[in-house]
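If you count the sequence shown from 1, position 151 lands on 169 in this note's numbering, and the numbers rise without skipping.
Report on the structure given below.
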Amino acid sequence: MNETEQTPERLPLLTPAPLQPGDLIAIVSPSGTIKPEFVDSAVDVLQKQGWRVRVYPHAKGKFRTYAGTPDERYADLSAALLDPEVKAILCARGGYGAVHLLDRLNALPLRENPKWIIGYSDISALHALMTTNGIASIHAPMAKHLATFDGADDDAQALFDILRGRQFSYSIPPSPLNRCGSVTGQLTGGNLAVIAGLISTPFDVIRPGTILFIEDIAEPIYKTERILHQLRLSGVLGSLGGLIVGAFTEYSPDVDGNSMDDMIRSMVAGYSYPVAFGVPVGHVDHNLPMIAGATVTLTVAPDATTIKFH
């Protein structure tokens, strides 16, 4: 594992060790239910990459809308986190429920044997847990995506490269809404509704100076605007190092026909940091893996947006 320079109010970042052939990946469901066939297909995809896979007891379970009771979901995830043989943990899907586990997971010795947690959507709560404990994690596609594309798409390949410890960067076509500039800082974020629900808790990752990436699904424009106003009034929105606007899907334009991106651009118009729109992150088929907690350089230029991971 690598240890980087400590930043204010944060622990030194630990990056889990690169996976080797034959290493073990755990599959758990910390939140909602998933169709068992997606888990089974994801197992096949990961095995074809040369890794062993262990599906935990409640990964394909069901309790109301959850994959298990809070105790069952905690039992699976804590067992995977504490097992030194497990090198990475793929969360089968999001939904809702990871927040139930945060207090107990936070009491575990997570830094003694750091390992990758992989997922997005509701799994943003677990990325917040890891970031506040100074451990890098991967906001990335989950079991359904791996099953649907058989691990052959660019996003799955990028995820596998991260797990193997390969350096990489992204180049994204420009958006007319972009604000140009360049900044280096710690990348943090995920699903905006999830991380906003953690504001003023021990798992609050929306902090001054960070490069924040955000995405969401089925949230009305006014609810997203309300969150941004909360960040503005608290002083955090204006003190970000940079902003990456991912995909906001399944919502309706406002009464004036304005889009979510239009609203976000208006909310950050008074600030000077770089802002990148149109970055394919979120509830979309093209979902770029992002290393939460990593140091990155965000460069928003007229010809392209680049995100370089250090």
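We treat Cβ as the ideally placed atom computed from N, Cα and C, and that holds for glycine.
Problem set entry | Burial state of VAL46, where buried means 16 or more other Cβ atoms lie within 10 Å | Buried, since its Cβ has 16 or more Cβ neighbours within 10 Å.
Exercise. Is the distance from the Cβ of GLY40 to the Cβ of GLY68 below 8 Å?
Worked result: Cβ distance < 8 Å, so GLY40 and GLY68 count as in contact.
Exercise. From ALA174 to ASP234, what distance separates their C-alpha atoms?
Worked result: Taking C-alpha positions only, ALA174 is separated from ASP234 by approximately 20 Å.
Exercise. For GLY392, which residues of its own chain have a beta-carbon under 6 Å away from its beta-carbon, when the five flanking residues on both sides are left out?
Worked result: In this structure the chain extends from 19 to 328, so residue 392 is not present and cannot be described.
For this session: Check whether the Cβ atoms of GLY79 and CYS109 lie closer than 8 Å to each other.
Result: Between GLY79 and CYS109, the C-beta gap is not smaller than 8 Å, which leaves the two residues out of contact.
For this session: Would you mind stating whether PHE56 and ALA146 have Cβ atoms separated by less than 8 Å?
Result: No.
For this session: Mind the definition here: the stretch 243 to 259 touches the stretch 216 to 225 only if three or more C-beta pairs lie below 8 Å; say whether that holds.
Result: When C-beta atoms of the stretch 243 to 259 are compared with those of the stretch 216 to 225, three or more pairs fall below 8 Å, so the two segments count as touching.
For this session: Could you say if the stretch 191 to 203 and the stretch 83 to 97 meet the contact criterion of at least three C-beta pairs nearer than 8 Å?
Result: With a cut-off of 8 Å, the stretch 83 to 97 and the stretch 191 to 203 do not count as touching, because too few Cβ pairs lie within range.
Problem set entry | ASP173 Cβ short of 7 Å to the ligand NAD heavy atom set | What this structure holds is no ligand at all, so the ligand NAD is not there to describe.
For this session: With a threshold of 16 other CB atoms inside 10 Å of the CB of LEU99, please say whether the residue is buried or exposed.
Result: Residue burial is scored here from C-beta neighbours: LEU99 has at least 16 other C-beta atoms within 10 angstroms and is therefore classed as buried.
For this session: Using the DSSP secondary-structure output, state which residues sit across from ASN209 in a beta bridge.
Result: DSSP output for ASN209 lists GLU233 as bridge partner(s).
Problem set entry | Contained beta strand (DSSP E) runs [length at least 3] in the stretch 154 to 200, N- to C-terminal order | As far as the stretch 154 to 200 is concerned, its whole beta strand (DSSP E) runs of at least 3 residues are 155 to 157, 187 to 190.
For this session: Within 10 angstroms of the Cβ of VAL299, are there 16 or more other Cβ atoms? Answer buried if so, exposed if not.
Result: Residue environment analysis places VAL299 among the buried positions, since at least 16 neighbouring C-beta atoms fall within 10 angstroms of its C-beta.
For this session: Along the beta strand (DSSP E) that carries MET326, what are the first and last residues, could you check?
Result: Per the sequence presented here, residue 326 reads as Lys, with Met not at that position. LYS326 -> beta strand (DSSP E) spans 323 to 327.
Exercise. At which residues does the beta strand (DSSP E) containing LYS105 begin and terminate?
Worked result: 104 to 109 is the extent of the beta strand (DSSP E) around LYS105.
For this session: State yes or no: is the C-beta of VAL302 within less than 8 Å of the C-beta of ALA265?
Result: In contact: VAL302 and ALA265 (Cβ atoms closer than 8 Å).
For this session: Count the other CB atoms, across all protein chains shown, that sit within 10 Å of the CB of ASN276; report buried if there are 16 or more and exposed otherwise.
Result: Per the 10 Å Cβ criterion, exposed.
Problem set entry | Cβ-Cβ distance between VAL223 and VAL263 below 8 Å | Not in contact: VAL223 and VAL263 (Cβ atoms no closer than 8 Å).
Exercise. What separation, rounded to the nearest whole angstrom, lies between the Cα atoms of ILE153 and GLY288?
Worked result: Whole-angstrom Cα-Cα distance: 33 Å.
Problem set entry | Residue from GLN38, ALA106, GLY113, ASP274 with nearest C-alpha to ASN131 | It is ALA106.
For this session: Identify, in the order they occur along the chain, each residue of the same chain with its Cβ nearer than 6 Å to the Cβ of PRO159, setting aside the five sequence neighbours on each side.
Result: Counting only Cβ-Cβ distances below 6 Å, and skipping sequence neighbours, we find ASP173, ASN305.
Problem set entry | Distance, PHE221 Cα to MET308 Cα | So the two alpha carbons sit approximately 19 Å from each other.
For this session: Rank LEU31, SER96, VAL254, ASP321 by C-alpha distance to the C-alpha of ILE190 and give the top, closest one.
Result: Checking every option, the nearest Cα to that of ILE190 belongs to ASP321.
Exercise. My guess is that TYR84 and SER49 are in contact by the Cβ rule of under 8 Å, so how many angstroms apart are they, rounded?
Worked result: Contact flag correct, Cβ pair sits at about 7 Å.
For this session: Express the C-alpha separation of SER290 and LYS53 in angstroms, rounding to a whole number.
Result: Those two C-alpha atoms are separated by around 45 Å.
Problem set entry | Secondary structure of ILE309, DSSP reduced to three states | The answer is strand: DSSP assigns ILE309 an E or B state.
For this session: For the stretch 120 to 160, list the beta strand (DSSP E) runs that are entirely contained and at least 3 residues long, ordered along the chain.
Result: Whole beta strand (DSSP E) segments, 3+ residues: 134 to 137, 155 to 157.
Problem set entry | Delimiting residues of the beta strand (DSSP E) encompassing LEU100 | Careful: LEU100 lies outside any beta strand (DSSP E), inside the alpha helix (DSSP H) at 88 to 100.
For this session: Determine contact between the stretch 115 to 123 and the stretch 276 to 286, defined as no fewer than three beta-carbon pairs at a distance below 8 Å.
Result: No: the two stretches stay apart, fewer than three of their Cβ pairs being nearer than 8 Å.
Problem set entry | Alpha carbon of THR313 to alpha carbon of GLY296, nearest angstrom | So the two alpha carbons sit approximately 21 Å from each other.
Exercise. Hey, would you say VAL104 sits closer than 8 Å to LEU32, going by beta carbons?
Worked result: Taking 8 Å as the Cβ cut-off, VAL104 and LEU32 do not qualify as a contacting pair.
Exercise. Does DSSP put TYR240 in a helix, in a strand, or in coil?
Worked result: Three-state result, TYR240: helix.
For this session: Output yes or no for whether 8 Å exceeds the beta carbon distance between VAL73 and GLY199.
Result: No, they are not a contact pair.
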